[in-house]
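**Q** I am attaching a structure below and will ask some questions about it afterwards.
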Amino acid sequence: MQVIIIGGGEVGTELASRISKEHDVVVIEKNNQLAQKINASMDVMVITGNGASVRILEKAGINEAKLLIAVTEIDEVNIIACMLAKNYGVLTTVARIRNTEYADGSQVLTNEQLGIDFIINPERVAAQEIAKMIRTPNVSEIEYYADGKVQVLGYYMDEDSPYVNKRIQNMGLPDDCIVCAIVRQSGEVIIPSGNDKVKPDDEIYFLGKKEVFDTPFLNSKKNHYPQTVVIAGGGRVGLQLAEFLENEGKKYIVKLVDVDKDRCEEISTYLSRTLVLQGDVTDIAFLKDEEIARANVFVAVTGDDEVNLLSTLLADHLGVKVTISEVIRPDYNIILNSIGIDRVVSPRLLTAAQIMKMIRKGDVISLTILKEDRVEVVELIVSEKASICNKKLEDVNLPRGILVAAIVRGDQIIIPSGYHKIHAGDRIILFYVTELSGEVDKYFSIEDSMVRSMGKALKKFIRRK
Amino acid sequence: MRLNVVSHMLGILLIFVGVFKIFPLVWSVYYKEQEVLVFLVCIIITVLAGYLLRGLGSYKEDINLKESFAFVTFGWILAAVFGSLPYYFSGVFISFADAFFEAMSGFTTTGATVIDDVEVLGYGILIWRSMTQWLGGMGIIALFVAVLPRLGGGSSQLFRAEIPGPVKEKIVPRIAGTAKILWGIYVFISLLQVILLRISGLSFFDSIAHTFTTVATGGFSTRSESIAAFNNPAAEIIIIFFMILVGINFSLYFSLYRKNIKSFFKDYEFRFYLGFLFVFSLIVSINLFFKEYYCIMESLRYGVFQVVAITTTTGFATDNFDMWHPLLRGIMLFLMFSGGSGGSTSGSIKQIRLLVLLKVSIREINKLVHPRAVLPVRLGNKMVNEGVVLNIVAFVLLYILIFIISSLLMTSFGLDLVSSFSAVAANLGNVGPGLNLVGPLETYSFLPSAGKILLSFLMLIGRLEIFTVMVVFLTLIPRSSSR
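If you read the sequences in order, they're chains C and U. Taking our numbering, the leading residue of the first sequence gets -3, the next gets one more, and so forth. Taking our numbering, the leading residue of the second sequence gets 6, the next gets one more, and so forth.
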């Protein structure tokens, strides 16, 4: 499948490198330097030029393309590119549109008229994600699978939780609920067996039937309202987050800090109840003056990774309970855990994850990326050619790090153990650490064509030592 | 630089080279030659060495820039070393330097030979000699990239390190796809030529051998007198046509295949290339008419063939141009510096570089008159990036510098000036025959071993377009030894 990506910025690059593993990708980027950088780092075709130009789009092979993703900085370019693409017969178009006026449903032109199938707005998604974290600080993630019948819940363990320091088999979890991943504070990801212990400050992923989670067995602490939330950075994310929190009524006292005076003035016209402060969030004296230490939540969304991380660390040091920071460059992920930052939001990854959900091929229904790309959850229909078919799970010897978390057979939901068998046509939900995605293909995917199996044989031949 | 990663890939490449030796083996078996054993031994040695190297290293998808440069350079050297085994073992040469020269001349599509009498050689050896050129023409690394599954971003670096020409654009999103298409076009052109040559009256064996060396712009022949030995005008016309064809940027054929005929004929370099050939063919033919043959048909026949053969760096000869008028000899020497289009199988500086250099020079003159004018270098309606312009200037400068230094080194072996200059120009440009002592009817066999090694090295530099080899020998090797 040919995929055209317009815009080689952060999101565009991330997507190109992911999609190019399976599909043919053409990237259109205006900036010559960026274009060269992409060209050197991955196997995609890069065309330097304007993505809204017919000539460039034709050069990129728009006649054969099935998917077009427009993620330039400029909304209008993205819209025009999608409009053109639809007229060329591109099946699916995705556009990043930040200006909510274009996307909030009240617009004069419908999405159909604009030729856009999916609108993504990374900053809005990030703001929503952060708002979710503030509302339920212990819950890191909620995802639904099997048409909402199965729920996955990520949860930060407190020290006073009854589950802490117990082995999973002794936790006494309700029926139809399992622990499918543990993320240690050190950043290590474990797809656990019954013997693994839960430690304080672990992030635990539970999976179970939806009804199980309706009765709160995790007895998470209730927030004491009103809560004070300090938002560092008045960019798109910060502003939208403040708006979300204001809409919650009197539950939150929001303070928004931005370093730029003009921006502060602009923001203050949009926000009615938020206290807008002009100041530098990395300035200790300022933080102390404004009694940041007494805040319940500190959110760093300045758009500058260094400032975000530094201010989060400062706030943490001053005693703020919950700190959340935005990380733009995923390169920093490797050090986050070692410096003690655990709650992280990355707009770029969120967007990439959203789009990757759309383009998964064939039998894969959905793919979710968790924990900054360290864990993936995939929901797929098992093909009859898959090697795992009709065998007992304990006989398949799946590598540690891959977990069949649930089998959906008709209306029935099975949380499997070793003696269960997977049949062709089953929907299964798989948890695995990202490095093992190749292995997952091996066990669950279909080798349909001669060419592909030959390619695999060749690959095997090379890899063998 | 991770040596084990490079070694692993080199191993796979060697296995490739070993497998390709099955083709000459088949010919030897068919003609019941004694070289059957030689080829069998060579195949075993090459494949074993390949397995050994592969086993020493490990597979990594993310090869970096340095590794790809090292792999390409050493890949070519190793291919030549193991490609020379059949010559050495079958007793064609006593000295290994000779065998290496012949093999390198093959893979780099130079076509310079150290075999005094080609006609006594067996079919197997001859077809292997031609085949090395065919493999090297489109590029062994390109084949490697085309056949092997994805190497990630690294494969495009490999590809760029080998494909000739200053601008290296992919024609489809994947580098493996691009390499496959280029090889596909190459094989298609080859098949076409084999059929046409066969029809023109050459034997099946000669058709294949000469097709291999034509489409690669190589220039090895199965006869000592080169194409002149056949005295077959039809075959000459076919060869002229195909030499011109493979001197064109191969990506243009792809746009032709995509029914984009306009962009084919609109291509600026393509037009310049045809014009260049036309003008020089005319000049040479007119001169031949007045000074040598006094017959229009003869003059055209020899003039056009020789201009095309030298410009595309093939190096075939239908006439001993070394005996021509000094002006014509001078033109031949100059033509050795031109080469075909970028992205073709020809060697030397390439038309596009000459063109850009010409335009830059004119621009600099214009700038003196209009100091504040903004004057981009244009090819047709396409702008040439300033970075590319600088790269081209540096390339040509290095090319000339290497030419001068090597020529001086050649004179140190006792060669006269004309022989030294033309030998270096012909080998650096992957042409083959030079003038005087190394003229089209002579060979390089009289040179001392050191001279042969020097020329082999020049062929490699010329084929990989200087930078790739220079990176390895000027930066990677000194550094890896000190750090």
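Ideal Cβ placement from N, Cα and C applies to all residues, glycine included.
For the segment 178 to 212 of chain U, which residues have a CB atom closer than 9 Å to at least one CB atom of chain C, in sequence order?
**A** Listed by position, the residues of the segment 178 to 212 of chain U near chain C (Cβ gap below 9 Å) are P178, R179, I180, A181, G182 and T183.
**Q** Got a sec, what are the start and stop residues for the beta strand (DSSP E) U/I232 sits in?
**A** Against the second sequence, residue 232 of chain U aligns to sequence position 227. Run containing U/I232: none; DSSP gives neither H nor E here.
**Q** Do you know offhand how far C/A349's Cα is from U/R368's?
**A** Position 353 of the first sequence holds residue 349 of chain C. Position 363 of the second sequence holds residue 368 of chain U. Going from the Cα of C/A349 to the Cα of U/R368 covers about 50 Å.
**Q** For C/I65, write down the residues that DSSP places opposite it in a beta bridge.
**A** If you number the first sequence from 1, residue 65 of chain C lands on position 69. DSSP lists C/I1 and C/V90 as partners of C/I65.
**Q** How many Å lie between C/L332 and U/A184 at the Cα?
**A** What you label residue 332 of chain C is simply residue 336 of the first sequence in a count that begins at 1. What you label residue 184 of chain U is simply residue 179 of the second sequence in a count that begins at 1. Taking the straight line from one Cα to the other gives about 41 Å.
**Q** List, in chain order, every chain C residue whose beta-carbon is nearer than 7 Å to that of U/S160.
**A** Stepping through the second sequence from its first residue, residue 160 of chain U is reached at position 155. Neighbours of U/S160 on chain C, chain order: D39.
**Q** For C/K317, I'd like the list of residues in its chain whose CB is within less than 7 Å of its CB, leaving aside the five on either flank, ordered along the chain.
**A** Walking along the first sequence from the start, residue 317 of chain C turns up at place 321. Within the same chain, C/K317 has close Cβ partners N292.
**Q** If you draw a straight line from the alpha carbon of C/P412 to that of C/V303, how long is it in whole angstroms?
**A** Walking along the first sequence from the start, residue 412 of chain C turns up at place 416. Walking along the first sequence from the start, residue 303 of chain C turns up at place 307. Looking at the two C-alpha atoms, the distance is approximately 46 Å.
**Q** Beta strand (DSSP E) containing C/Q274: first to last residue?
**A** Taking the first sequence and counting its residues from 1, the one referred to as residue 274 of chain C is at position 278. First-last of the beta strand (DSSP E) with C/Q274: L271 to Q274.
**Q** Along chain C, which residues have their Cβ under 7 Å away from the Cβ of U/K175?
**A** Within the second sequence, residue 175 of chain U is the residue found at index 170, counting from 1. In chain order: M41.
**Q** Are three or more beta carbon pairs between the segment 53 to 63 of chain U and the segment 432 to 441 of chain U nearer than 8 Å?
**A** At 8 Å Cβ cutoff, the stretches do not touch.
**Q** Taking the alpha-carbon of U/F44 as reference, which of U/F247, U/A455, U/L83 and U/F94 has the nearest alpha-carbon?
**A** Taking the second sequence and counting its residues from 1, the one referred to as residue 44 of chain U is at position 39. Answer by Cα proximity: U/F94.
**Q** Indicate whether the contact test is met: 3 or more Cβ pairs, each with one atom in the segment 323 to 335 of chain U and one in the segment 227 to 241 of chain U, closer than 8 Å.
**A** Yes, they touch.
**Q** CA-CA distance, C/V225 and C/K17?
**A** As a position in the first sequence, residue 225 of chain C is number 229, starting the count at 1. As a position in the first sequence, residue 17 of chain C is number 21, starting the count at 1. When rounded, the distance between both Cα atoms is 41 Å.
**Q** Give the interface partners of C/Q(-2) over in chain U, defined as CB-CB distance under 8 Å, in chain order.
**A** As a working note, residue -2 of chain C is residue 2 in the first sequence. Simply P178.
**Q** Please name the residue, chosen from C/R120, C/I126, C/A91 and C/V148, that lies closest to C/L110 on a Cα-to-Cα basis.
**A** Here residue 110 of chain C refers to the residue found at position 114 of the first sequence. Out of C/R120, C/I126, C/A91 and C/V148, C/A91 has the C-alpha closest to the C-alpha of C/L110.
**Q** By Cβ distance, which residues of its chain are closer than 6 Å to U/W32, with the 5 residues on each side in sequence left out?
**A** Here residue 32 of chain U refers to the residue found at position 27 when the second sequence is read from its first residue. Within the same chain, U/W32 has close Cβ partners Y128, G129 and I132.
**Q** Only counting runs of 3 or more residues, tell me where the beta strand (DSSP E) segments fall wholly within the segment 14 to 63 of chain C, in order along the chain.
**A** Runs found: 20 to 25 and 41 to 44.
**Q** Since C/D20 meets chain U, which of its residues come closer than 9 Å, beta carbon to beta carbon?
**A** Here residue 20 of chain C corresponds to residue number 24 of the first sequence, with the count starting at 1. Near C/D20 (Cβ distances below 9 Å), the residues of chain U are V177, P178, R179 and G182.
**Q** Assign U/E174 to one of three DSSP states: helix, strand, or coil.
**A** Residue 174 of chain U sits at position 169 when you count from the first residue of the second sequence. Three-state DSSP puts U/E174 in coil, outside helix and strand.
**Q** Thinking C/K205 and C/I409 are a contact (beta carbons under 8 Å), I'd like their distance in whole angstroms, please.
**A** As a first step, residue 205 of chain C is located in the first sequence; it is residue number 209 there, counting from the start. As a first step, residue 409 of chain C is located in the first sequence; it is residue number 413 there, counting from the start. Rounded, the Cβ-Cβ distance is 6 Å, consistent with contact.
**Q** Once DSSP output is grouped into helix, strand and coil, what is the label at C/M153?
**A** Looking up residue 153 of chain C in the first sequence gives position 157. Coil at C/M153, not helix or strand.
**Q** Kindly list the residues whose CB is nearer than 6 Å to the CB of U/S89, restricted to its own chain and excluding five residues on each side of it in sequence; keep chain order.
**A** The residue given as residue 89 of chain U occupies position 84 in the second sequence. Only A104, F105 and A108 meet the Cβ criterion.
**Q** For C/E137, which of helix, strand or coil comes out of DSSP?
**A** Taking the first residue of the first sequence as position 1, residue 137 of chain C is located at position 141. Strand.
**Q** Suppose contacts are defined by Cβ-Cβ distances below 8 Å. Is C/L241 in contact with C/V250 by that definition?
**A** Along the first sequence, one-based indexing puts residue 241 of chain C at 245. Along the first sequence, one-based indexing puts residue 250 of chain C at 254. Result yes, Cβ atoms of C/L241 and C/V250 sit closer than 8 Å.
**Q** Using a Cβ-Cβ cutoff of less than 7 Å, which residues in the same chain neighbour U/I180 once the five nearest sequence positions on both sides are dropped?
**A** Taking the first residue of the second sequence as 1, we reach residue 180 of chain U at position 175. If we look at U/I180 and ignore the five residues flanking it on each side, its Cβ neighbours are V150, S160, S161 and F164.
**Q** Can you have a look at C/N117 and say buried or exposed, based on whether 16 or more other CB atoms are within 10 angstroms of its CB?
**A** Within the first sequence, numbered from 1, the residue matching residue 117 of chain C stands at position 121. Counting Cβ neighbours within 10 Å, C/N117 comes out buried, since at least 16 surround it.
**Q** Would you be able to state if there are at least three C-beta pairs under 8 Å between the segment 76 to 85 of chain U and the segment 397 to 410 of chain U?
**A** Touching, no, given that fewer than three Cβ pairs across the two stretches are closer than 8 Å.
**Q** Identify which residue in C/V400, C/Y439 and C/I138 has its Cα closest to the Cα of C/E125.
**A** As a working note, residue 125 of chain C is residue 129 in the first sequence. For the residues C/V400, C/Y439 and C/I138, the minimum Cα distance to C/E125 belongs to C/I138.
**Q** Between the segment 277 to 291 of chain U and the segment 212 to 223 of chain U, are three or more C-beta pairs nearer than 8 Å?
**A** Too few Cβ pairs lie closer than 8 Å, so no.
**Q** Rounded to a whole number of angstroms, what is the C-alpha to C-alpha distance between C/V371 and C/N329?
**A** Taking the first residue of the first sequence as position 1, residue 371 of chain C is located at position 375. Taking the first residue of the first sequence as position 1, residue 329 of chain C is located at position 333. So the alpha carbons of these two residues sit roughly 13 Å apart.
**Q** Would C/E119 be called buried (16 or more neighbouring beta carbons within 10 Å of its own) or exposed?
**A** Here residue 119 of chain C is taken as the residue at index 123 of the first sequence, counted from 1. Classification of C/E119: buried, given that the 10 Å Cβ count is 16 or more.
**Q** Any idea if U/C300 is buried or exposed, counting beta-carbon neighbours within 10 angstroms, 16 or more meaning buried?
**A** One-based indexing of the second sequence puts residue 300 of chain U at position 295. By the neighbour-count rule (16 or more Cβ atoms within 10 Å), U/C300 is not buried but exposed.
**Q** Considering only residues of the same chain and omitting the five flanking positions on each side of U/I397, which have a CB-CB separation below 7 Å?
**A** Position 392 of the second sequence holds residue 397 of chain U. Answer for U/I397: P171, R358, V361 and L362, listed in chain order.
**Q** Indicate the three-state DSSP secondary structure (helix, strand or coil) for C/Y159 in the structure shown.
**A** Position 163 of the first sequence, counting from 1, holds the residue named residue 159 of chain C. In this structure, C/Y159 counts as coil in the three-state DSSP scheme.
**Q** Please list the terminal residues of the continuous alpha helix (DSSP H) segment that includes U/L395.
**A** Against the second sequence, residue 395 of chain U aligns to sequence position 390. Where U/L395 is concerned, the enclosing alpha helix (DSSP H) stretches over E391 to T416.
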